[in-house]
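What follows is a short report on a single structure.
Protein chains: 2
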Amino acid sequence: MTKHRTTRRGFLKTTIATGGALAAAGTARAAGDPAITEVQPWAQYLGDGVDARPYGTPSEYEAHVVRRNVPWLTADPVSSVNFTPLHELDGIITPNGLCFERHHAGIAELDPAAYRLMINGLVDRELVFTLDDLMRFPRENHVYFLECAANTGMEWRGAQLNGCQFTHGMIHNVMYTGIKLGHILAEAGVKTEGKWLLAEGADASAMTRSIPMEKALDDCLVAFKMNGEALRPEQGYPVRLVVPGWEGNMWVKWLRRLEIGDQPWHHREETSKYTDLLADGKARRFTWEMDAKSVITNPSPQAPIGHGPGPTVLTGVAWSGRGTIPRVDVSLDGGANWQAARMDGPSLPKSMHRFYYEFDWDGSPLLLQSRAHDSTGYVQPTKDALRAVRGENSIYHNNGIQTWAINEEGVAENVEVS
Amino acid sequence: MTKHRTTRRGFLKTTIATGGALAAAGTARAAGDPAITEVQPWAQYLGDGVDARPYGTPSEYEAHVVRRNVPWLTADPVSSVNFTPLHELDGIITPNGLCFERHHAGIAELDPAAYRLMINGLVDRELVFTLDDLMRFPRENHVYFLECAANTGMEWRGAQLNGCQFTHGMIHNVMYTGIKLGHILAEAGVKTEGKWLLAEGADASAMTRSIPMEKALDDCLVAFKMNGEALRPEQGYPVRLVVPGWEGNMWVKWLRRLEIGDQPWHHREETSKYTDLLADGKARRFTWEMDAKSVITNPSPQAPIGHGPGPTVLTGVAWSGRGTIPRVDVSLDGGANWQAARMDGPSLPKSMHRFYYEFDWDGSPLLLQSRAHDSTGYVQPTKDALRAVRGENSIYHNNGIQTWAINEEGVAENVEVS
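Just so you know, the sequences run in chain order W and B. Under the working numbering, think of the first position of the first sequence as 1, with each following residue one higher. Under the working numbering, think of the first position of the second sequence as 1001, with each following residue one higher.
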């Protein structure tokens, strides 16, 4: 399969060489195509005006582009998850309507006028803020990925789910507007012995997580906008915690209370859940940071190659909780040979990155893989390498390399290679 | 008003000094606030689950955050405009549902399966591409603003509209995924004498604009995604032209044809419309580039200061068709004194930039202004300076400095100062 090996110069050559193929396809269609020879219907009517949709919605032809849940996964949809359709997206921004959801007691519908944020515990002044109070603090804007610790969790024991939406779709990437948590804590005055923060949600699950003060003061945000507009209800409207690079469960939604303490609280979501059960029965706790990871989104099981041999675009996303992604490698032969993908779009820390690899498909079967390198030098491992260290008991923190098998028809399947 | 003058060091001092005021507000509320002393309703029920909204929508409490049209502005909503609610947004991304609309024959609802892009004229090979054909070209991702040439056009003859949504809301800022126009033109092979491009839309208005080949080959994109998902119908689904930094009318939606010629076509939208009529009756043509511009979005007429004296956040957006915005100045006294605002978020060429200015409001009236500097050294002019050169006949390309008068109650009004 070394014929797929492509260098930077090789890519440019490929683009030029494949011109003929694309042009030929175009020309062939030009002759008797009714889409060209007849006046198309949409050129014959006046469409909806500017008063039709004060808040816009996608085209009816995109009705299949939705978050999808897996009904058998949980006992009830109020404590469950749905998945971002990564195979239908491009670039690095996840539109708000397609950001995956994870609830523990359903979506709380808070009245912003009644919203309060309380700070108590080891502080000089216990405080309560309204939303208007929060609007008086300096704001920042950052694009961050949010990944559930259980993303790809079903794959620990082998290839399970046929589509990157289901294997990798518990992630989204959004520009947040918020206040540095440190600004708010400074108002209350954290006592010297205050080393931990408990963040609590206002929903019926009263989600609580312990966060070390060092992280709280580093880059955490108390956020109220996503991609420019108010947080969506399912993402914590009107206020959520943003814990950049760390597992999604810590990004407490509907944030109602911040308590300062001198040690962690060891609540349910950091003991029986969101800990990594190893082969010997011990559990790793406080494994907050999300390791570097990537996945090829196209082609993939939900998005087969829809054309025959010739110029083909492979694309995917990569991210790391520790920084940026300067490089992603792609293999077409199950990891025997690797080529550097083309990174594209803004490279921002703790944000999704987009990669592309353009190649001339010869129509033979492929075993597609991607491998992320992050700015600390860490390289995404194989699933087998992860299993050798952690066993198969956990459902969390699986950042192993994903493989899609492509057959002669361009159909993709989730497989394991070793 | 020199008491408002703030340096970088001054800003930090202000933040610390105002801590007391914010903390005091918080403490006062803590005592008998039912939002604290009673269990809030949303902690007492299980909300909607992950199956409730496959494609998400905003909170019902945000129902006022919508695009708004001005019914008296045009004879019919099918050839009209609505406006982005800039005063409700933060950061730099405009969510797709709130991107302003401008149609000339309403929204064409194209079937993507029947979509075709034709290239004809001075080319080696006339070509027709399907959407699937286009997906085989290399893609790029860029965040660009799109501003209508008529944005702020009503203000040429003095303060007219009370709100930045209406004075400045014919702009949005989106991450596009698309193909460099140059890649597609290379497939057809542009002949040596091909110096101009005609872009034509598929809607009933058959919008057409002439674009010089130099721009077409520089940074124009044939785009199919906005903020990650498919283009919205009102933004040209499935394919639009992206002409970075140039007036929005050239960003042809529902793109159906690219013709190569040796001179411009002088169609309606580049002669009787989208030209700048000067005081002497002459019209400037081909004034494509959007000059550096800024506006304060909060406080503003639709978003008054909702609190009394004390810590206050001023924010706004700035952009330039010629590059980045390294600096925005803010005046609280109608241009007598200027302070550098704090720039925040990614600084990307031909993209919106976000600025903030935090200050301690003493409760006295203010005359707020912002002034953008772009990366070429150009400085946003006053409206009077523009009028001195261009008169008041045009409705296009008004990038003059905007003034909001704030009274003792924090209420804002659109005013002119000279």
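Just so you know, even glycine gets a beta-carbon here, dropped at the ideal spot from N, CA and C.
Apart from the five residues on each side of it in sequence, which residues of its chain come closer than 7 Å, Cβ to Cβ, to residue i?
| i | result |
| --- | --- |
| B/W1288 | W1246, E1247, M1250 |
| W/P238 | L110, P112, Y115, L131, F224, A230, L231 |
Compute the distance between the beta-carbons of residue i and residue j, then report whether it is under 8 Å.
| i | j | result |
| --- | --- | --- |
| W/K191 | W/L258 | no |
| W/G306 | B/D1132 | yes |
| W/Q369 | W/S331 | yes |
| B/I1401 | B/G1153 | no |
| B/G1056 | W/R232 | yes |
| B/D1090 | B/T1315 | yes |
| W/V295 | W/M352 | no |
| W/D276 | W/A283 | yes |
| W/N162 | W/E392 | no |
| B/D1333 | B/A1340 | no |
| W/V411 | W/P304 | yes |
| W/Y176 | W/L117 | no |
| B/T1264 | B/S1210 | It is worth fixing the name first, because residue 1264 of chain B is Pro in this sequence and not Thr. Going by C-beta atoms, B/P1264 is nearer than 8 Å to B/S1210. |
| B/L975 | B/R1390 | Only positions 1001 to 1418 of chain B appear in this structure, which leaves residue 975 of chain B out of reach. |
| W/N120 | W/M226 | no |
The alpha helix (DSSP H) that contains residue i, what's its start and end?
| i | result |
| --- | --- |
| B/V1389 | 1383–1390 |
| W/K215 | 213–218 |
| W/F166 | 164–168 |
| W/A206 | First-last for W/A206: undefined, no H or E at that position. |
| W/H353 | No alpha helix (DSSP H) contains W/H353, which is instead part of the beta strand (DSSP E) from 353–361. |
| B/H1183 | 1181–1188 |
Compute the Euclidean distance between the alpha carbons of residue i and residue j, then round it to the nearest angstrom.
| i | j | result |
| --- | --- | --- |
| B/R1442 | B/P1381 | In the structure as shown, chain B starts at 1001 and stops at 1418, and residue 1442 of chain B therefore has no counterpart that could be examined. |
| W/A52 | W/D218 | 45 Å |
| W/L46 | B/A1202 | 12 Å |
| B/E1269 | B/Y1357 | 39 Å |
| W/R41 | B/L1086 | According to the sequence as given, residue 41 of chain W is Pro; it is not Arg. Approximately 35 Å between the Cα atoms of the pair. |
| W/K215 | W/G323 | 15 Å |
| W/C164 | W/V70 | 13 Å |
| W/A114 | W/A105 | 20 Å |
| W/S59 | B/I1107 | 11 Å |
| B/N1407 | B/F1166 | 21 Å |
| W/A28 | B/P1138 | Below a pLDDT of 50, predicted positions are generally treated as unreliable, and W/A28, at 46, falls in that range; the measurement from the model is reported next regardless. Taking the straight line from one Cα to the other gives about 22 Å. |
| B/G1310 | W/P54 | 35 Å |
| B/R1068 | B/V1078 | 14 Å |
| B/H1397 | B/I1036 | 51 Å |
| W/W404 | W/S418 | 13 Å |
| W/L197 | W/F355 | 37 Å |
| W/N399 | W/E88 | 21 Å |
| B/M1135 | W/P365 | 21 Å |
| B/A1204 | W/Q44 | 6 Å |
| W/T18 | B/L1185 | Reliability fails at W/T18, whose pLDDT of 41 lies under 50, so the model's placement of it is uncertain and no value is given. |
| W/A385 | B/A1063 | 50 Å |
| W/E281 | B/F1359 | Reading off the sequence, residue 281 of chain W comes out as Gly, not Glu. So the alpha carbons of these two residues sit roughly 56 Å apart. |
| W/I179 | W/E140 | 6 Å |
| B/E1409 | B/S1300 | 13 Å |
Could you name the residues of the same chain whose beta carbon sits closer than 6 Å to that of residue i, not counting the 5 residues immediately before and after it, in chain order?
| i | result |
| --- | --- |
| B/H1373 | R1327, V1379 |
| B/R1285 | T1275 |
| B/K1195 | M1213, D1262 |
| B/V1128 | R1116, M1118 |
| W/A150 | I395, Y396 |
The beta strand (DSSP E) spanning residue i covers which residue range?
| i | result |
| --- | --- |
| B/L1198 | 1196–1201 |
| B/G1400 | Run containing B/G1400: none; DSSP gives neither H nor E here. |
| B/L1367 | 1366–1373 |
| W/I93 | Segment: none, W/I93 is in no beta strand (DSSP E) and carries neither H nor E. |
| W/L348 | Here W/L348 belongs to no beta strand (DSSP E), and DSSP marks it neither H nor E. |
Quick one: what's got a C-beta closer than 8 Å to residue i's C-beta in the same chain, skipping five residues either side?
| i | result |
| --- | --- |
| B/H1172 | T1084, T1094, L1098, C1099, F1100, F1145, L1146 |
| W/T74 | S80, V81 |
| W/E200 | A206, M207, T208, V252, L255, R256, R257, L258, E259 |
| B/G1189 | V1123, D1124, R1125 |
| B/G1345 | G1091, I1092, H1353, R1354 |
| B/E1193 | L1122, D1262 |
Looking at the ligand ATP, does it come within less than 7 Å of residue i, judged from the CB to the closest heavy atom?
| i | result |
| --- | --- |
| B/D1360 | Among the ligands in the structure shown, none appear at all, so the ligand ATP cannot be discussed. |
Open item on the list: Restricting to runs no shorter than 3 residues, where is the beta strand (DSSP E) found entirely within the segment 247–332 of chain W?
Closed with: 255–261, 293–298, 310–319, 327–331
Task: Ordered list of alpha helix (DSSP H) runs contained in the segment 1127–1157 of chain B, each at least 4 residues - done: 1131–1134
Task: Every unbroken alpha helix (DSSP H) within the segment 1032–1078 of chain B, with a cutoff of 4 residues, ordered by chain - done: 1034–1037
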